[in-house]
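Participant: According to UniProt numbering, the sequence shown holds residues 1 to 607 in order. Using N, Cα and C, we set each Cβ at its ideal position, and we do this for glycine too. Model, not experiment: these values are computed from the prediction. Take a look at the following structure, please.
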Amino acid sequence: MRRQVLRLTVCGIAGVVRWGQDTSDNRTVERLLSAFEHRGPDGRGIISRGPGAIGAVRLSLVDVAGSDQPISCRISDVHLVFNGEIYNHAQLRRDLESSGHRFLTDGDGEVILASYLHDAGHFTEQLDGMFAFAIWDARRETLIVGRDRMGIKPLYVYASQERLVFSSELRSLVTDHHVPVDVNRDAVADYFTVRFSPPTYSPLTHVRKIQPGTTVAFNRRHPSGLVQASHELEFPASSGGKESRESLDRELRESVLTTLAPDALPAAFLSGGLDSATVSALAAQQTGRIAAFSVGYAENTWQDETRYAIEIARHIGARHDITHLTESNVPETFLATLQSLDEPIYTPVCLSTYAVSELAARDHKAVLAGDGSDELLLGYAHMHEAHQASLRGEPWRDEYWNALGWWTDDDRRRVLDDDMLKRCAPDISQERFGFTKLAASGVDAAEAIRWFEVTAKLPEYHLPRVDRLSMAHGLEVRVPFLRNNVVDWALAQPARALMTGRPKEVLRSVARGLVPRSIVDRPKQKFSAPARAWLAGPLRDMTLDLLRDGVGAEELGLETTGLALLANDFHRDPAANTRSVWGIVVLLAWYRSLRDHTLQVRSADAS
């Protein structure tokens, strides 16, 4: 199979529309872009027409003449900025050329603009890639925004009667002083309950995220937005057929080939697990070489998988580099990680992702990663345990929901105020996610679990960590398991069938012969980090400071007396209550970071 070289630029995008005004707000757009210059160190551009101004910063993987953003059709007065890449841009280009469209560049972004001009009502249906885009149609004074169906690339929006602001990052959005920074208590409640919030929620009440797979149009008649298209994932009937191992092998090989970056040397994250090992091995097999990057821990705890990563790298002939989180660099990494996250994300592996991204970014602009496999192929133990409970006729829904949480009921009652406790009730939280309605519809438990994992947990918990912490270093992460062809293959498999036998047996069969047998047969181990050792050691003083200071406690639904008790317990025994302490400290540190950032940029603007 011939490798298609992608001519790509990936970046961050932002813009402002002032409804009812004759002029645009370029100054604010410049400030929005400056807030995430790390996403695009290779250039920036802004275009303004009437009340609207849109812009982008650019990270060029392969420089293509004329592919700077924004991309414009001067005749139609329509303009595009986008973040990501369109994998099937060559085929779409041929189709559009046969319809009479003339292209001015070789970049993939122009395909989005041409598709919109060709069929504004359905132009996203054929896009295969990871992307977030904004089109300013100055003729109609309408802004159209959209995201890929898996939610790989982010997009935040603030919309009022007078003003619309969008950005790839929340920390960029709040540099506009028109955007209120009130904490969204429902989003925080879901962080407390299942570690993340529903797909359209953000941590701020007046800011929302564009839902994956949707295209939304904003104008003076619809300042809050009107959904134009929604490409929902299709899940099969439970009685559907089961595809062969050979078909997954074929689809995954094609996806890896397509998503390989046009670097001199392909690169991948290598955790030591099955997913990243398979992706890395396929890339090495198809290109003859690969660089692999891993992260280890000085504590040498069970979470350190570098010994497995070394074994895999030797087997596939990878050039292998490892970075370590140590007592000396954990505090700095913790703060840098929280400053890079738009939202509080519970998992301690955020630090690991930040560190390994920093390592890879020294010599590369893009890497492959194995994210998405566990959600599509149901690889986690808590999924199987809930499914088994359903087969026994037990109340599986609450068992599954509780497994997603991170602290005890006693700690929750001690630390949360009454209003937050009510919002955290499982039935209320499940209602916000639409899980109650789905589970009550009679759908198979395994199918309901996969629906939630793929449409909620993956885009709101896993992918934001990967995007924010890699782009903090100007590094693009590509996820072959989440390309359309692999997703469609996986969702065509009945979830109940994937729950039968050993988790991800079909992927293990693909990996046999590619990676060491010891890796193929190894039981699933979550990518993890030694949070207990970090809290008791290098993060101890910082943790006590955050718990005792309590900045943001009232806004976040926390009782200061409860925080004081938690701080006292931690002071006596830093190794106790690790999960509760970590979750609270991450939330408090995130809030402090966002507050300080907002105050700093708005004060600078005022002066």
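1. What residue range does the alpha helix (DSSP H) around Leu368 cover?
2. Which residues in the same chain have their Cβ closer than 7 Å to the Cβ of Leu546, if we skip the five residues on either side of it in sequence?
3. Unbroken beta strand (DSSP E) runs of length 3 or more, entirely within the region 231-308: which are they?
4. Is Glu460 buried or exposed, if buried means 16 or more other CB atoms sit within 10 Å of its CB?
5. DSSP three-state call for Thr323: helix, strand or coil?
6. Three or more beta-carbon pairs under 8 Å between the region 48-56 and the region 129-143, yes or no?
7. Could you give the DSSP three-state label for Arg432: helix, strand or coil?
8. What do you reckon, are the CB atoms on Thr205 and Cys424 nearer than 8 Å?
9. Any idea if Pro395 is buried or exposed, counting beta-carbon neighbours within 10 angstroms, 16 or more meaning buried?
10. Does the structure place the region 552-560 close enough to the region 160-178 that three or more beta carbon pairs sit under 8 Å?
11. Just the Cα atoms here: how many angstroms apart are Gly393 and Val367?
12. Under DSSP, the beta strand (DSSP E) around Met130 begins and ends at which residues?
13. Alpha carbon to alpha carbon, how far is Glu110 from Phe103? Give it in angstroms, no decimals.
14. Which residue from Thr287, Phe452, Ala472 puts its Cα closest to that of Gly40?
15. Taking the C-alpha atoms as reference points, what is the distance between Thr543 and Pro344?
16. CB-CB under 6 Å to Ser525, same chain, minus the five flanking residues each way: which ones, in chain order?
17. Using beta carbons (cut-off 8 Å, strictly below), is Ile312 in contact with chain D?
18. Report the rounded CA-to-CA distance for Lys209 versus Thr200, giving the unit in angstroms.
19. Looking at Ile310: is its Cβ nearer than 8 Å to the Cβ of Ala386?
20. Hey, how far is the Cα of Ser239 from the Cα of Val443?
21. Leaving aside the five residues before and after Ala361 along the sequence, list all residues of the same chain whose C-beta is less than 7 Å from its C-beta, in chain order.
22. Using the Cα positions of Phe452 and Asn184, report the straight-line distance between them to the nearest angstrom.
23. What does the alpha-carbon distance come out to for the pair Glu85 and Asp108?
24. Going by DSSP in three states, Ala381 sits in which element: helix, strand or coil?
25. For the region 318-334 against the region 428-446, do three or more pairs of beta-carbon atoms, one drawn from each stretch, fall closer than 8 Å, so that the two count as touching?
26. According to DSSP, which residues form a beta bridge with Val16?
27. Decide if Lys422 is buried, meaning its Cβ has at least 16 other Cβ atoms within 10 Å, or exposed.
28. Can you tell me the Cα-Cα spacing of Ala511 and Leu270, whole angstroms?
29. Among Met499, Ala56, Phe334, which has the Cα closest to the Cα of Gly12?
30. Check Lys524 in the structure and name its three-state DSSP category.
31. Let me know the secondary structure DSSP gives Leu416 once reduced to three states.
32. Residue ranges of each alpha helix (DSSP H) run of no fewer than 4 residues wholly in the region 333-369, ordered along the chain?
33. For the beta strand (DSSP E) that Gly146 lies in, which residues bound it at each end?
34. Given that a residue counts as buried once 16 or more other Cβ atoms are within 10 Å of its Cβ, and exposed if not, what is Arg502?
35. Is the beta carbon of Leu482 closer than 8 Å to that of residue 617?
36. Alpha carbon to alpha carbon, how far is Asn83 from residue 608? Give it in angstroms, no decimals.
Facilitator: So, from the data block:
1. Here Leu368 belongs to no alpha helix (DSSP H); instead the beta strand (DSSP E) covers 366-368.
2. Around Leu546: Val585, Leu588, Ala589.
3. 267-269, 291-297
4. Counting every other CB atom within 10 Å of its CB across the protein chains shown gives Glu460 a total of 16 or more, marking it as buried.
5. strand
6. yes
7. Of the three classes helix, strand and coil, the one that applies to Arg432 here is helix, per DSSP.
8. no
9. exposed
10. No, the region 160-178 is not in contact with the region 552-560.
11. 44 Å
12. 129-137
13. Distance from the CA atom of Phe103 to the CA atom of Glu110, rounded to whole angstroms, is 7 Å.
14. Gly40 has its Cα closest to that of Ala472, out of Thr287, Phe452, Ala472.
15. 16 Å
16. Ser is not the amino acid found at residue 525; the sequence shown has Gln there. Nothing meets the Cβ criterion.
17. Of the protein chains in the structure, only one exists, and it is not chain D.
18. 5 Å
19. no
20. Residue confidence is low: Ser239 scores 49 on pLDDT, short of 50, so the model does not pin down where it sits. Its coordinate-derived value is still stated next. Computed Cα separation, rounded: 12 Å.
21. His473, Gly474, Leu475
22. 22 Å
23. 7 Å
24. helix
25. no
26. DSSP lists Ala53, Val165 as partners of Val16.
27. exposed
28. The alpha-carbon atoms of Ala511 and Leu270 are separated by roughly 15 Å.
29. Ala56
30. coil
31. strand
32. If we require 4 residues or more, the alpha helix (DSSP H) runs fully inside the region 333-369 come out as 349-360.
33. 142-147
34. exposed
35. Given that the chain is displayed from residue 1 to residue 607, the structure contains no residue 617 and the question cannot be resolved.
36. Absent from the model: residue 608. The displayed extent of the chain is 1 to 607, so no value can be given.
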